[in-house]
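Working notes, structure below.
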Amino acid sequence: MVSRNILEDKMSRAAQSSWLVRKHSSIVLFSFAVAALGALVAILSGTGYRLEIWERGFAFTILRYGAGIAGVGGVLCLIVTIISAGLFKGEGFSKSAVAVLGLVIGAFAFYVPYSMQQTASSVPPIHDITTDLENPPEFEAMLALREATSATNKAVYLREVTVGQNIINVPEAQKRAYPDIQPEELWGISFYEGFDLALAAAEDMGWTIVAADKERGRIEAWDKTTWYGFIDDMVVRLTPEGIGSVVDIRSVSRVGVSDVGKNAQRIRAYIKKLKAMKKYSVPP
160 MVSRNILEDK MSRAAQSSWL VRKHSSIVLF SFAVAALGAL VAILSGTGYR LEIWERGFAF
220 TILRYGAGIA GVGGVLCLIV TIISAGLFKG EGFSKSAVAV LGLVIGAFAF YVPYSMQQTA
280 SSVPPIHDIT TDLENPPEFE AMLALREATS ATNKAVYLRE VTVGQNIINV PEAQKRAYPD
340 IQPEELWGIS FYEGFDLALA AAEDMGWTIV AADKERGRIE AWDKTTWYGF IDDMVVRLTP
400 EGIGSVVDIR SVSRVGVSDV GKNAQRIRAY IKKLKAMKKY SVPP
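In the working numbering, the protein residues as written are 160 to 443.
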């Protein structure tokens, strides 16, 4: 009786293995298709918004669904890869190469939105970042462009914003989240030389320059994010001081409550570039 049960168990396992072997290619392709479909949906969420096919809120909804589908597809591909290793022994990888690719695609398509969400939850819900919290640089030339594009965020610096039931003190929130955002000092070069460096750095960042007033030491520009095409506006202000000048930067999102840290990231990158350009343009 025991031998019969063992025999039946072996036959059942053999039948299951035989079914898996026969259906292996179909299972691999299905798992890959789920991961690829999710990734495509996630990508299209940004493309559709850039083309003004749907609104920002709907785009983020599509992104969440796409990331979820891609995540499921990635898990399926992982399971298929593990099973393939057991079924085909040394040929496991070659038999599941498409599944491995699906795993990579699914993991990436899930991770990117997930990391964005994690970043958003770790930074304050603000979208106006400046190196001068007492006297932030003001926009002038950008005002008409912001109005023409129906920017929902104010160009004037707001020290308090209401998010849900909470009132956020913007300067204090920035100090806590981005204490490194500080004015940049350009000592040892003239005001006009400093302006030329500041303008060159802005151009090298790929910003679209809207206004550059050398006499007043002002630069206004805008930049667009790669995926969704969100537009942020920047103003750079140089103030003569001592044997050089002080550079202040302000970066503001046109839409959205939280910038997910993008404006602070942009200011850091600009200051880093400005420092590098000054280092190589001024002899020791």
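All residues carry an ideal CB built from backbone N, CA and C; glycine is no exception.
Keep in mind it's a predicted model, so treat the numbers as computed, not measured.
In chain order, what residues of the same chain have a beta carbon less than 8 Å from the beta carbon of residue i, not counting five sequence neighbours either side?
i	result
residue 251	With a pLDDT of 47 at residue 251, under the threshold of 50, the predicted position of this residue should be treated as unreliable, and no value is reported.
residue 365	382
residue 401	346
residue 322	284 and 416
residue 399	350 and 376
residue 326	319 and 320
Are residue i and residue j closer than 9 Å when you measure CB to CB?
i	j	result
residue 408	residue 390	no
residue 141	residue 216	Outside the modelled stretch of the chain, which goes from 160 to 443, sits residue 141, for which no answer is possible.
residue 291	residue 209	no
residue 258	residue 190	yes
residue 267	residue 198	yes
Out of the options, which one is the CA nearest neighbour of residue i?
i	options	result
residue 367	334, 386, 422 and 301	301
residue 403	288, 376 and 193	376
residue 385	345, 202 and 314	202
residue 414	310, 213, 218 and 284	310
residue 134	190, 235, 430 and 184	Given a span of 160 to 443 for the chain in the structure shown, any question on residue 134 remains unanswerable.
residue 424	362, 299, 351 and 286	286
residue 232	326, 321, 261 and 335	261
residue 194	334, 356 and 264	264
residue 334	439, 206, 438 and 318	318
residue 372	351, 387 and 363	351
residue 374	237, 257 and 354	354
residue 230	196, 218, 269 and 274	269
residue 344	234, 437 and 281	437
residue 308	338, 418 and 211	211
residue 419	219, 281, 266 and 186	281
residue 276	324, 328 and 219	219
residue 316	183, 328 and 234	328
By Cβ distance, which residues of its chain are closer than 6 Å to residue i, with the 5 residues on each side in sequence left out?
i	result
residue 272	222 and 226
residue 392	301, 381 and 411
residue 289	295 and 409
residue 304	none
residue 387	205 and 208
residue 332	283 and 285
residue 370	300 and 379
residue 182	none
Using 8 Å for Cβ pairs, my map puts residue i next to residue j. What's the rounded Cβ distance?
i	j	result
residue 406	residue 342	6 Å
residue 298	residue 314	5 Å
residue 363	residue 432	6 Å
residue 188	residue 228	About 16 Å separates the two Cβ atoms, so there is no contact after all.
residue 361	residue 378	6 Å
When every heavy atom of the ligand ADP is checked, does at least one fall within less than 8 Å of the C-beta of residue i?
i	result
residue 303	The ligand ADP is absent from the structure shown, which contains no ligands of any kind.
Among the residues of its own chain, which have a CB less than 7 Å from the CB of residue i, if the five just before and after it don't count?
i	result
residue 337	288 and 423
residue 186	239
4-residue-minimum alpha helix (DSSP H) runs that sit fully inside the stretch 338-405, ordered along the chain: 350-363
Taking the runs of the beta strand (DSSP E) that are 3 residues or longer, which of them lie wholly in the stretch 211-272? none
Segments of 3+ residues assigned as beta strand (DSSP E) that fall wholly inside the stretch 299-337: 319-322 and 325-328
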